[in-house]
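Colleague:
There are 2 protein chains.
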Amino acid sequence: MIVAFAGGVGGAKLAFGLYQEVPLGELAVIVNTGDDLEMYGLHISPDLDTVMYSLAGIANHITGWGIEGDTFYALKALARYGEESWFGLGDQDLATHILRTKMLGEGQSLTAVTRSLAARLGVKASLLPMCDQRVATVVETPGGPLPFQDYFVRRGASDRVLGLRFEGVERAKPTPEVERALSTAELIVFAPSNPFLSIQPILAVPGLRGLLSKCPAPKVAVSPVIGGRAVRGPADRLLRDLGHEVSTFGVAKIYAGLVNSFVIDEVDRQEAPRIEALGLRVLVTKTLMNSAEDKKELARRTIRFALGKE
Amino acid sequence: MIVAFAGGVGGAKLAFGLYQEVPLGELAVIVNTGDDLEMYGLHISPDLDTVMYSLAGIANHITGWGIEGDTFYALKALARYGEESWFGLGDQDLATHILRTKMLGEGQSLTAVTRSLAARLGVKASLLPMCDQRVATVVETPGGPLPFQDYFVRRGASDRVLGLRFEGVERAKPTPEVERALSTAELIVFAPSNPFLSIQPILAVPGLRGLLSKCPAPKVAVSPVIGGRAVRGPADRLLRDLGHEVSTFGVAKIYAGLVNSFVIDEVDRQEAPRIEALGLRVLVTKTLMNSAEDKKELARRTIRFALGKE
Chain A
851 MIVAFAGGVG GAKLAFGLYQ EVPLGELAVI VNTGDDLEMY GLHISPDLDT
901 VMYSLAGIAN HITGWGIEGD TFYALKALAR YGEESWFGLG DQDLATHILR
951 TKMLGEGQSL TAVTRSLAAR LGVKASLLPM CDQRVATVVE TPGGPLPFQD
1001 YFVRRGASDR VLGLRFEGVE RAKPTPEVER ALSTAELIVF APSNPFLSIQ
1051 PILAVPGLRG LLSKCPAPKV AVSPVIGGRA VRGPADRLLR DLGHEVSTFG
1101 VAKIYAGLVN SFVIDEVDRQ EAPRIEALGL RVLVTKTLMN SAEDKKELAR
1151 RTIRFALGKE
Chain B
851 MIVAFAGGVG GAKLAFGLYQ EVPLGELAVI VNTGDDLEMY GLHISPDLDT
901 VMYSLAGIAN HITGWGIEGD TFYALKALAR YGEESWFGLG DQDLATHILR
951 TKMLGEGQSL TAVTRSLAAR LGVKASLLPM CDQRVATVVE TPGGPLPFQD
1001 YFVRRGASDR VLGLRFEGVE RAKPTPEVER ALSTAELIVF APSNPFLSIQ
1051 PILAVPGLRG LLSKCPAPKV AVSPVIGGRA VRGPADRLLR DLGHEVSTFG
1101 VAKIYAGLVN SFVIDEVDRQ EAPRIEALGL RVLVTKTLMN SAEDKKELAR
1151 RTIRFALGKE
């Protein structure tokens, strides 16, 4: 069993590669749900959906989120009713939120709901919400605290970040499914997701770090920063705002103590010695994932390297 | 104040005509909610929506229901999840059901929700659900009882009808808004809706017939049957199945005692004497409504005739 930790777009890309490389049924992806939000009474889990659509082969490869070829007629109709429409819910995408909301309303856990939705889309990997309790990432900014999607989508991640809070996390706990995945993992992969916004909420679930440290499997992280910039999203700005070095080394320092090895891009080759000095083995390879082939290749090399096969 | 009783498509057409003819704010439409259903956890009120979209000027004039130019991408995505997709929910239409479900979930009454949605679409008439309690029309057929939309949409109204039940109606009561409308009405118009499926559920609300009989305003019904056939839907088959004469006279007999006057189509001119013999004044005019002009003209003539002005 290979267990990946992932957030949205970057995580979904590597998860897709892992899904192609790992024997069917032997991949579990633990996904951030701190980004979840309720809009129009619907429960939306953006990161779970991004990973699910990606593994189901229906993801929009241009935007990175949402469904290929999706349309936005319902959203326009919501706007006609005077509702806010800054969160890009596609028509096909809405089907997911409608069914999730219905099943949660019937008392099913988010884990059970996600299992059902993913199975119905033909996904043969375990998509595991980080927990079944509601945790809400709150971004502290000079103008005050912002709910995550307000910061990220509505305001375009343009605010300076003073800190992060994960509201409700003190009541969260790892699900039996997450516990089982971590107890049977042969390899743990931290996908190139935002370490603060995507990975930190997962690690903030009480008990999760303990499960990780008990797990004897090798652990590897893939840098979401290439050449001092985030491939996508505000990871570079968060490094700066939160007082870290804005580089792949800065990311590696965050993961030191948690992983044994670290994957960086060829353009950051000169960082390798500093990262090795943190006690990490370093794989230097092409980490930018554009094509399906890129995703598979990065997954293959990451697995082999982390397992000591190259 | 003019008060109309209406179901879906036929009712929406005359309601549109009345809305154009009556001074703004002086039309109330009491609408059947026995057709309401829950799908995918969403509360759908097909007749309320058909009337609302019609008055808002966004109705689909070809189908008679739904929104002009609507698309069905969310429905296809629901089908991809393995959900039933025989009920034609458009993408724009979904916005209505999503918002209605949210507001009902917050504890608002269907009357309050309908007022809000209609106002946001710019509708200046009062759209009044027949009651705020859940009433479900059940159609008794040789194969057993069918929920209304199973009978009507899924099975195309093809079953022989042995009888109708309005489940939950014993707990229903007229809303304060319906009471007020009926106490201030200067004219009551029964739109050319199906008398069994659209009007009977409204009249079955305990207390409603009493309010009607206390109301001194003239009352008029427009025949949904022309030349022995329903303009649309199964009204003619229900007349036959339930032992009535399949004609505009058969409809008039149902309304006798409830209304003072009755509007029939020119092709049914020969029925006028028999209907007059029931004690009803009869207006013979063009009742088929295709264009907006047809709807306004029928509304204008119906009002004038019922008020004794022609």
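One line per chain: the protein sequences are A and B, in this order. Start counting the first sequence at 851; every next residue gets the next number (the working numbering). Start counting the second sequence at 851; every next residue gets the next number (the working numbering). Yeah, the Cβ is synthetic: ideal placement off N, Cα and C, and Gly gets one too. Predicted, not measured: the structure shown is a model, and the values here were computed from it.
Are there three or more Cβ pairs, one per stretch, closer than 8 Å when the stretch 934–941 of chain A is compared with the stretch 882–898 of chain A?
Modeller: yes
Colleague: Is residue 1154 (chain B) near the ligand ATP, judged by its Cβ being under 7 Å from some heavy atom?
Modeller: The ligand ATP is not part of the structure shown, which contains no ligands of any sort.
Colleague: Give the straight-line distance between the Cα atoms of residue 1150 (chain B) and residue 1046 (chain B), rounded to the nearest whole angstrom.
Modeller: The residue you call residue 1150 (chain B) lines up with position 300 of the second sequence. The residue you call residue 1046 (chain B) lines up with position 196 of the second sequence. Distance between the alpha carbons of residue 1150 (chain B) and residue 1046 (chain B) is about 26 Å.
Colleague: Going by beta-carbon coordinates alone, are residue 1136 (chain B) and residue 1160 (chain B) separated by less than 8 Å?
Modeller: For the purposes of this step, residue 1136 (chain B) is taken as residue 286 along the second sequence, with counting starting at 1. For the purposes of this step, residue 1160 (chain B) is taken as residue 310 along the second sequence, with counting starting at 1. Not a contact, by the Cβ cut-off of 8 Å.
Colleague: Mapping DSSP to helix, strand and coil, what is residue 855 (chain A)?
Modeller: Locating residue 855 (chain A) in the first sequence gives position 5, where the first residue counts as 1. Residue state, collapsed to three classes: strand.
Colleague: I'd like the ranges of any alpha helix (DSSP H) spanning at least 4 consecutive residues and lying wholly in the stretch 930–979 of chain B.
Modeller: 941–955, 960–970
Colleague: Take the Cβ of residue 858 (chain B) as the centre, count every other Cβ of all protein chains shown within 10 Å, and call the residue buried at 16 or more, exposed below.
Modeller: As a position in the second sequence, residue 858 (chain B) is number 8, starting the count at 1. So residue 858 (chain B) counts as buried.
Colleague: Taking 8 Å as the CB-CB limit, is residue 891 (chain A) close to chain B?
Modeller: Within the first sequence, residue 891 (chain A) is the residue found at index 41, counting from 1. Closer than 8 Å to some Cβ of chain B, the Cβ of residue 891 (chain A) qualifies, so yes.
Colleague: Can you tell which of A:904, A:928, A:909, A:940 has the C-alpha that lies nearest to the C-alpha of residue 920 (chain A)?
Modeller: Residue numbering aside, residue 920 (chain A) sits at position 70 when the first sequence is read from its first letter. The residue with the shortest Cα to Cα distance from residue 920 (chain A) is A:940.
Colleague: Could you check where the beta strand (DSSP E) with residue 1013 (chain A) kicks off and where it finishes?
Modeller: Reading the first sequence from its first residue, position 163 is the one you call residue 1013 (chain A). Its beta strand (DSSP E) spans residues 1013–1017.
Colleague: Does any C-beta atom of chain A lie closer than 8 Å to the C-beta of residue 932 (chain B)?
Modeller: What you label residue 932 (chain B) is simply residue 82 of the second sequence in a count that begins at 1. Output row for residue 932 (chain B): interface = yes.
Colleague: Any idea if residue 1232 (chain A) is buried or exposed, counting beta-carbon neighbours within 10 angstroms, 16 or more meaning buried?
Modeller: Because chain A is modelled from 851 through 1160, residue 1232 (chain A) falls outside the range shown and cannot be assessed.
Colleague: Bridge partners of residue 1072 (chain B), per DSSP?
Modeller: Taking the second sequence and counting its residues from 1, one reaches residue 1072 (chain B) at position 222. DSSP lists B:1113 as partners of residue 1072 (chain B).
Colleague: What do you reckon, are the CB atoms on residue 906 (chain A) and residue 862 (chain A) nearer than 8 Å?
Modeller: Here residue 906 (chain A) corresponds to residue number 56 of the first sequence, with the count starting at 1. Here residue 862 (chain A) corresponds to residue number 12 of the first sequence, with the count starting at 1. For the 8 Å CB-CB criterion, residue 906 (chain A) and residue 862 (chain A) do not form a contact.
Colleague: Is the CB-CB distance between residue 925 (chain B) and residue 950 (chain B) below 8 Å?
Modeller: Stepping through the second sequence from its first residue, residue 925 (chain B) is reached at position 75. Stepping through the second sequence from its first residue, residue 950 (chain B) is reached at position 100. No. Outside cutoff.
Colleague: Can you give me the C-alpha to C-alpha distance between residue 972 (chain B) and residue 917 (chain B), rounded to a whole angstrom?
Modeller: As a working mapping, residue 972 (chain B) is identified with position 122 in the second sequence. As a working mapping, residue 917 (chain B) is identified with position 67 in the second sequence. Answer to the nearest angstrom: the Cα atoms are 15 Å apart.
Colleague: Please state if the CB of residue 881 (chain A) and the CB of residue 1177 (chain A) are separated by a distance shorter than 8 Å.
Modeller: Chain A is shown from 851 up to 1160; residue 1177 (chain A) falls before or after that span and cannot be answered.
Colleague: Counting contacts by CB-CB distance shorter than 8 Å, is residue 955 (chain A) in contact with chain B?
Modeller: On the first sequence, position 105 is the one that residue 955 (chain A) refers to. Yes, residue 955 (chain A) lies at the interface with chain B (some Cβ there is under 8 Å from its Cβ).
Colleague: Name the DSSP bridge partner or partners of residue 1134 (chain A)?
Modeller: Numbered from its first residue, the first sequence carries residue 1134 (chain A) at position 284. Its beta-bridge partners are A:1114.
Colleague: I'd like to know if residue 984 (chain B) contacts chain A, where contact means its C-beta is closer than 8 Å to some C-beta of that chain.
Modeller: Residue 984 (chain B) sits at position 134 when you count from the first residue of the second sequence. For residue 984 (chain B), the answer is no, since every Cβ of chain A falls outside 8 Å of its Cβ.
Colleague: Are residue 1174 (chain A) and residue 1063 (chain A) touching if we call contact CB-CB under 8 Å?
Modeller: With chain A running from 851 to 1160 in the structure shown, residue 1174 (chain A) is simply not present.
Colleague: To the nearest angstrom, how far is it from the Cα of residue 985 (chain B) to the Cα of residue 944 (chain B)?
Modeller: Within the second sequence, residue 985 (chain B) is the residue found at index 135, counting from 1. Within the second sequence, residue 944 (chain B) is the residue found at index 94, counting from 1. Each residue's Cα considered, the two are about 22 Å apart.
Colleague: For chain B, check one thing: does any of its Cβ atoms lie closer than 8 Å to the Cβ of residue 952 (chain A)?
Modeller: Start at 1 with the first residue of the first sequence, and residue 952 (chain A) comes out as number 102. At least one chain B Cβ lies under 8 Å of residue 952 (chain A).
Colleague: CA-CA distance, residue 996 (chain A) and residue 1007 (chain B)?
Modeller: Sequence index remark: in the first sequence, residue 996 (chain A) carries index 146 (1-based). Sequence index remark: in the second sequence, residue 1007 (chain B) carries index 157 (1-based). Computed Cα separation, rounded: 52 Å.
Colleague: Residue 896 (chain A): buried (16+ other C-beta within 10 angstroms of its C-beta) or exposed?
Modeller: In the first sequence, the residue the question calls residue 896 (chain A) occupies position 46. So residue 896 (chain A) ends up on the buried side.
Colleague: With distances taken Cα to Cα, identify the nearest neighbour of residue 1014 (chain A) among A:994, A:1139, A:954.
Modeller: Sequence index remark: in the first sequence, residue 1014 (chain A) carries index 164 (1-based). When each option's Cα is compared against that of residue 1014 (chain A), the closest is A:994.
Colleague: With DSSP run on the structure shown, which of helix, strand or coil describes residue 896 (chain A)?
Modeller: Locating residue 896 (chain A) in the first sequence gives position 46, where the first residue counts as 1. Residue 896 (chain A): helix per DSSP, three-state reduction.
Colleague: Is DSSP giving residue 1080 (chain B) helix, strand or coil here?
Modeller: Counting from one through the second sequence, the residue named residue 1080 (chain B) turns up at place 230. Strand.
Colleague: Using the beta-carbon count (16 or more within 10 Å), is residue 893 (chain A) buried or exposed?
Modeller: Taking the first sequence and counting its residues from 1, one reaches residue 893 (chain A) at position 43. Label assigned to residue 893 (chain A): buried.
Colleague: Are the CB atoms of residue 811 (chain A) and residue 1054 (chain A) nearer to each other than 8 Å?
Modeller: In the structure as shown, chain A starts at 851 and stops at 1160, and residue 811 (chain A) therefore has no counterpart that could be examined.
Colleague: In three-state terms, what does DSSP make of residue 1060 (chain B)?
Modeller: The count along the second sequence starts at 1 and reaches residue 1060 (chain B) at position 210. Collapsing the DSSP output to three states places residue 1060 (chain B) in a helix.
Colleague: Which residues share a DSSP beta bridge with residue 994 (chain A)?
Modeller: Within the first sequence, residue 994 (chain A) is the residue found at index 144, counting from 1. In DSSP, residue 994 (chain A) forms a bridge with A:991.
Colleague: What is the DSSP secondary structure of residue 888 (chain A), counted as helix, strand or coil?
Modeller: For the purposes of this step, residue 888 (chain A) is identified with residue 38 of the first sequence, where counting begins at 1. Of the three classes helix, strand and coil, the one that applies to residue 888 (chain A) here is strand, per DSSP.
Colleague: To the nearest angstrom, how far is the alpha carbon of residue 852 (chain A) from that of residue 1049 (chain A)?
Modeller: Locating residue 852 (chain A) in the first sequence gives position 2, counting from the first residue. Locating residue 1049 (chain A) in the first sequence gives position 199, counting from the first residue. Each residue's Cα considered, the two are about 17 Å apart.
Colleague: Can you look up residue 1049 (chain A) in the DSSP assignment and give me helix, strand or coil?
Modeller: The residue you call residue 1049 (chain A) lines up with position 199 of the first sequence. Of the three classes helix, strand and coil, the one that applies to residue 1049 (chain A) here is helix, per DSSP.
Colleague: Identify the continuous beta strand (DSSP E) that holds residue 878 (chain A) and give its terminal residues.
Modeller: Locating residue 878 (chain A) in the first sequence gives position 28, counting from the first residue. Where residue 878 (chain A) is concerned, the enclosing beta strand (DSSP E) stretches over 877–881.
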